[in-house]
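Residues in the sequence shown are numbered consecutively from 179, following the numbering used here. So the structure is just underneath, and the comments pick up after that.
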Amino acid sequence: MIELRTPAELDAMRPVGQFVASVLTALAEKADVGVNLLELDAFAHAMIRERGAESCYIDYHPSFGAMPFGKVLCTSVNDAALHGLPHDYALQDGDLVSLDFAVSVDGWVADSAISLVVGTPRPEDLALIETTERALAAGIAAAQAGNRMGDVSAAIGDVAHAAGLSVNTDFGGHGVGRTMHGDPHVPNDGRPRRGYPLKPGLVFAIEPWFMHGTDQIFTDPDGWTLRSLDGSRSAHVEHTIAITNDGPIVLTARP
Ligand code: MG
Numbered sequence: 179m180i181e182l183r184t185p186a187e188l189d190a191m192r193p194v195g196q197f198v199a200s201v202l203t204a205l206a207e208k209a210d211v212g213v214n215l216l217e218l219d220a221f222a223h224a225m226i227r228e229r230g231a232e233s234c235y236i237d238y239h240p241s242f243g244a245m246p247f248g249k250v251l252c253t254s255v256n257d258a259a260l261h262g263l264p265h266d267y268a269l270q271d272g273d274l275v276s277l278d279f280a281v282s283v284d285g286w287v288a289d290s291a292i293s294l295v296v297g298t299p300r301p302e303d304l305a306l307i308e309t310t311e312r313a314l315a316a317g318i319a320a321a322q323a324g325n326r327m328g329d330v331s332a333a334i335g336d337v338a339h340a341a342g343l344s345v346n347t348d349f350g351g352h353g354v355g356r357t358m359h360g361d362p363h364v365p366n367d368g369r370p371r372r373g374y375p376l377k378p379g380l381v382f383a384i385e386p387w388f389m390h391g392t393d394q395i396f397t398d399p400d401g402w403t404l405r406s407l408d409g410s411r412s413a414h415v416e417h418t419i420a421i422t423n424d425g426p427i428v429l430t431a432r433p
């Protein structure tokens, strides 16, 4: 079911968006060569406790997950594309890491992700991140009342195709509200003027994720982490946005 939020509800969703943004900003500062993924998760968990927020991930157990996630942060490193389960691993020079974080505050959810390189970056990794960020910006720009979801999807996919990347549409954005995953689905590729009409009050996450060499993934033996089939590196960025008559509001915008 697709729910539309009143202007007052959108205002009520701003604090959780700002909190998620602040955690990702702090994590981006903390992530460095030698920092363990479990430290990043513990750091985010401490911020959750201090804020009195509730993790959307720790008890998350969908049909595609082998067991409850058990952590509060997704840490996807290099060939890990999505749902990276934090494990005992110290980041190495040049690692491309994506951090995906969702919590609820006062009953409202926000979901956002960033990609970054620790230490000395490979130019092709910076280009991949830049393309993914540009796709997110294009998707947000297309998220206008009167457009359809296909316009958002096509805007994302166009950026990928222009960069020579293929797109996996098995996982994409989603409605966000009282829970982390709701309708509508937001595919990372599609056809303009098709799909759900974008109406004021619609809140959803846009989350392009692209891999250098493939659009195929497999599940790591940890039961959660999705890795590129060919070992190529992946980038993933995400914002939770709201449709309004005055254009999209990026609820998880970082200062
Ligand atoms: Mg997310």
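Yeah, the Cβ is synthetic: ideal placement off N, Cα and C, and Gly gets one too. From a predicted model like this one, the values you see are computed outputs, not experimental measurements.
> Can you tell me whether DSSP reads Leu-314 as helix, strand or coil?
Replying inline: helix
>> Taking 7 Å as the cut-off, is the C-beta of Glu-416 nearer than that to any heavy atom in the ligand MG?
In response: yes
> Taking the C-alpha atoms as reference points, what is the distance between Ala-209 and Gly-262?
Replying inline: 15 Å
> Counting only runs that start and end within the region 243 to 323, where is the alpha helix (DSSP H) found for 4 or more residues in a row?
Replying inline: 301 to 319
> Any chance the CB of Ala-383 is under 7 Å from a heavy atom of the ligand MG?
Replying inline: yes
> Closest to Asp-329 by CA distance: which of Ala-204, Tyr-374 and Thr-309 is it?
Replying inline: Taking only the C-alpha atoms, the option nearest Asp-329 is Tyr-374.
> Looking at the structure shown, is Met-179 part of a helix, part of a strand, or coil, going by DSSP?
Replying inline: For Met-179, the three-state secondary structure derived from DSSP is coil.
> Taking 7 Å as the cut-off, is the CB of Ala-413 close to at least one heavy atom of the ligand MG?
Replying inline: For the ligand MG, not one heavy atom lies less than 7 Å from the Cβ of Ala-413.
> Of all the options Met-327, Ala-319 and Ala-431, which has the alpha carbon lying nearest to the alpha carbon of Asp-361?
Replying inline: Met-327
> Nearest to Gly-379 by alpha carbon, out of Gly-212, Ala-420 and Gly-342?
Replying inline: Selected option, being the one with the closest Cα: Ala-420.
> For the putative contact between Asn-366 and Ile-318, defined by C-beta atoms under 8 Å, what is the C-beta separation to the nearest angstrom?
Replying inline: Contact flag wrong, Cβ pair sits at about 13 Å.
> Is Glu-187 helix, strand or coil by DSSP?
Replying inline: Helix at Glu-187.
>> Within a Cβ cutoff of 8 Å, which residues of the same chain sit near Phe-396, ignoring the five residues on either side of it in sequence?
In response: Leu-404, Arg-405 and Leu-407
>> Using a Cβ-based criterion (distance less than 7 Å to any ligand heavy atom), does Ala-280 qualify as near the ligand MG?
In response: The nearest non-hydrogen atom of the ligand MG is less than 7 Å from the C-beta of Ala-280.
>> Any contact between the region 411 to 427 and the region 265 to 285? By contact I mean 3 or more CB pairs, one from each, below 8 Å.
In response: yes
> Do Pro-386 and Val-415 come within 8 Å of each other at the CB atom, strictly closer than that value?
Replying inline: yes
>> Within a Cβ cutoff of 7 Å, which residues of the same chain sit near Ala-222, ignoring the five residues on either side of it in sequence?
In response: So the qualifying residues of the chain are Val-201, Leu-205, Val-250, Leu-251 and Phe-279.
> Is it the case that the Cβ atoms of Arg-369 and Val-337 are separated by a distance below 8 Å?
Replying inline: The answer is no: Cβ separation not under 8 Å.
>> With a threshold of 7 Å (Cβ to nearest heavy atom), would Asp-289 be considered close to the ligand MG?
In response: yes
> Would the beta-carbon of Val-211 fall within 8 Å of that of Val-287?
Replying inline: No; because the gap between Cβ atoms is not below 8 Å, this pair is not in contact.
> Where does Met-358 sit, in a helix, a strand or coil, going by DSSP?
Replying inline: coil
>> Comparing C-alpha positions only, which one of Leu-182, Met-191, Leu-218 and Pro-426 sits nearest to Ala-315?
In response: Pro-426
>> Just checking: is the beta-carbon of Arg-372 within a distance shorter than 8 Å of some beta-carbon in chain B?
In response: As a matter of chain content, chain B is missing from the structure shown, which is built from one protein chain.
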